[in-house]
Structures are given as structure tokens and as C-alpha cells.
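Novice: Could you have a look at this structure, given as C-alpha cells, before my questions?
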Amino acid sequence: MKEEKIFTDRSEIHRTYMCIYGTLGICLLGYLAMTVRYIWNTHQLPWLDIFTEVLLFLFLASTAMARSTYELHDKELVVISSSLFRTRKLAIPYSAIDGAFHFKVEPIKTIAYRHTYRMYGSMDKREIWSLVYNMPNTDKVSRVLMKASEEFWEEFEKRLPGRIRVSQEEVLKHAYYHISGADLKKNRNRAKKAAAAAEAAEAAEDARTIEADARPADASAPAEPAAPQETRPAAPDTDAAETRPAPAAEEAPAQEEAARPAEEADTPDTPAPAEKASEEKK
225 MKEEKIFTDR SEIHRTYMCI YGTLGICLLG YLAMTVRYIW NTHQLPWLDI FTEVLLFLFL
285 ASTAMARSTY ELHDKELVVI SSSLFRTRKL AIPYSAIDGA FHFKVEPIKT IAYRHTYRMY
345 GSMDKREIWS LVYNMPNTDK VSRVLMKASE EFWEEFEKRL PGRIRVSQEE VLKHAYYHIS
405 GADLKKNRNR AKKAAAAAEA AEAAEDARTI EADARPADAS APAEPAAPQE TRPAAPDTDA
465 AETRPAPAAE EAPAQEEAAR PAEEADTPDT PAPAEKASEE KK
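See below:
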């Protein structure tokens, strides 16, 4: 359903600008009459003059016919700008508006605007106000240059109290808040990336801490002298002494067995005494 218009304001034509543009138009007509007279007398076409006159006529016509209309709706501001060549329409939600401050020419811009729209009549003599708003689904801001009546600004302030016709610093503070990515509703992807980067940095820091704790102490550091310990004589192990066989007892049978064949090999065969006596009798 289309929203109803709550308040509408249109461009005004000031008498001073009307006189200026009227004078320029009369001069252009005089230039055109001179060109026609030259063509009539010489039967030649001065193409440079004709081209210049056409450009001047288009410029004056587009400038003098430029009009703007501002409509306050329930949830958005609608700005319509029409000229000789085209008609442009902008619908800006109130939630995306950072504020409006008095426009002044700056040699160096305080903030970078994605777009600047001059949505006011060239023949309107009222003050220029800069309306800054956030572009949807981006971290950019744009501005609209407007000329409106006092009644329009008062009605606009009821929709956005504390943001209309305030200082430039106050408006840019809200714009910087949007550009920085702190607005989570309009910069969810950026917030997710920042959170992921923070988690990765925290995990890397934890891993670095664990690695430092697990690393052994430096070998080049001087070792602390050990505390002297008291030397006490060890108590004899009675159980081992009882169960362990004496080494002499174990080695005796082995020595006897080794010595026995040696004695048998060294002693010659001697006859028995009975055999010796029988041999003597014979």
C-alpha cells in the first residue's frame, strides 16, 4: 500500500534569479538574431556560432526549468527532482538518515561521500542544507543538497528529533558509526569476518602459550648445586647372605674333578703287591 503524504514542499522561484536568467535569455536571442542576419546576407552557415547558441540555450533551459519536490511520508523521505532532460526520485528511510547540517564549501572534504545529489531548484534563493544518509547493504554514505521552507524543516524535525539542522560534527558522528562497521544490522558480513579474525587470533595466542609452557628450560642456564646428602653404611642383607651359597663350597667339587684326571695321567702304572711277590717267586 502506498504511503500517504504527510507534508509536501516545492522549489521557489526568486525574482533576482528570474531577472538574471531573463537577461541571459535576451542576450542569447540577440546573438541568435545576429546569426540569422549573417546567414541572410552571406548565404553561409556559421557552424561554430550555431553550435555555441544551441549549447547556451540547453544550459539556460535546463537550469531555469529545474524543480524539486520534498515529500514527508510515514517512514521515509521522498525527493523528486525534475529538469529538461530527466526526472530523478529518491526514497530515503528515516532509519538511514544520519542528519542534516548547513552546507558550506570545503576545500578538502571531511568525509568521503559515495554520491552527491543536488536536488534543489537553481532559481531558489533559500539556504542549502546537506542531508547525509547511509546507503543500504554497504558501509558508504551519500548526501542530498536541499533547499526547503521553514515549515518543512520543522515538520522534518518531528520525525527525526535531534538530527535535523544540527552541527556538522553531530551528523558525521553517526555517519562514522555506520562507516566503521559497528552497525551490525547493516554490516553483518563485516561483523562476522571481524569475529572470525578475533577468534583465530585468540586461538593462535593460546597455542603459542601452550608451546611456551611445554618448552624445556634453557640448558645454558647454570644448574643449581645439589644439596649434600648424608652417606650411611648400608645394612647387610641377611636374607641374601643366608640363601646365597658360599663360593668356596661351590668351587671345591669342580676343582676336585679337574685335578683328578690330571693325577691319574701323571702317576705311572704300579703293580699291586700280590702280583709283585708272584713274579719274584718265579
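For the sequence shown, position 168 matches number 392 in my numbering, and the numbering has no gaps at all.
Virtual Cβ for every residue (Gly too), placed ideally from N, Cα, C.
Since this is a predicted model, take the numbers as computed values, not measurements.
Select from Phe327, Tyr294, Asp322, Ser307 the residue whose C-alpha is nearest the C-alpha of Gly315.
Specialist: Residue identity differs from the one stated: residue 315 is Ala in this sequence, not Gly. When only C-alpha atoms are compared, the closest one is Tyr294.
Novice: Below 6 Å CB to CB, which residues in the same chain sit around Lys313 once its five sequence neighbours on both sides are set aside?
Specialist: Only Ile304 meet the Cβ criterion.
Novice: Quick one: what does DSSP say Asn361 is sitting in, helix, strand or coil?
Specialist: It is coil, neither helix nor strand.
Novice: Measure from the alpha carbon of Leu301 to the alpha carbon of each residue in Phe376, Lys417, Ala424, Ile434, then state which is nearest.
Specialist: Comparing Cα-Cα distances from Leu301 to each of Phe376, Lys417, Ala424, Ile434, the minimum goes to Phe376.
Novice: Could you tell me if Met347 is buried or exposed, where buried requires 16 or more neighbouring beta carbons within 10 angstroms of its beta carbon?
Specialist: Buried.
Novice: Name the one or two DSSP bridge partners that Lys313 has.
Specialist: In the DSSP output, where bridge partners are listed per residue, Lys313 has Ile304.
Novice: With DSSP collapsed to three states, give me the class of Asp298.
Specialist: Coil at Asp298, not helix or strand.
Novice: Taking DSSP's pairing of strands, which residues face Val329 in a bridge?
Specialist: Answer is none; Val329 lacks a bridge partner.
Novice: Tell me whether Ile244 is buried or exposed, calling it buried when 16 or more other Cβ atoms sit within 10 Å of its Cβ.
Specialist: It counts as exposed.
Novice: Can you list, in chain order, the residues of its chain whose CB lies under 6 Å from that of Gln392, leaving out five sequence neighbours each side?
Specialist: Counting only Cβ-Cβ distances below 6 Å, and skipping sequence neighbours, we find Phe325.
Novice: Go ahead and label Pro477 buried or exposed: buried means 16 or more other beta carbons lie within 10 angstroms of its beta carbon, across all protein chains shown.
Specialist: Caution is warranted here: a pLDDT of 47 is assigned to Pro477, below 50, making its placement in the model unreliable, and the coordinate value is therefore given only provisionally. Exposed.
Novice: For the beta strand (DSSP E) that Asp233 lies in, which residues bound it at each end?
Specialist: Looking at the DSSP string, the run of the beta strand (DSSP E) that includes Asp233 is 231 to 234.
Novice: From the DSSP secondary-structure annotation, give me the bridge partner or partners of Arg261.
Specialist: Looking at the DSSP assignment, Arg261 forms no beta bridge with any residue, so it has no partner.
Novice: With three or more C-beta pairs closer than 8 Å as the rule, is the region 395 to 402 touching the region 350 to 365?
Specialist: The answer is yes - the region 395 to 402 touches the region 350 to 365, with three or more Cβ pairs under 8 Å.
Novice: Pull up the distance between the alpha-carbon of Thr247 and that of Tyr400, whole angstroms please.
Specialist: When rounded, the distance between both Cα atoms is 45 Å.
Novice: Could you tell me which residues DSSP pairs with Arg367 in its beta bridges?
Specialist: Arg367 pairs with Thr340, Val356.
Novice: Pull up the distance between the alpha-carbon of Ala290 and that of Ile230, whole angstroms please.
Specialist: Distance between the alpha carbons of Ala290 and Ile230 is about 24 Å.
Novice: Looking at C-alpha atoms only, which residue of Leu308, Lys299, Glu330 is the closest neighbour of Ile321?
Specialist: Of Leu308, Lys299, Glu330, the residue nearest in Cα terms is Lys299.
Novice: Where do the N-terminal and C-terminal ends of the alpha helix (DSSP H) with Ala399 fall, by residue?
Specialist: Here the alpha helix (DSSP H) through Ala399 covers 392 to 403.
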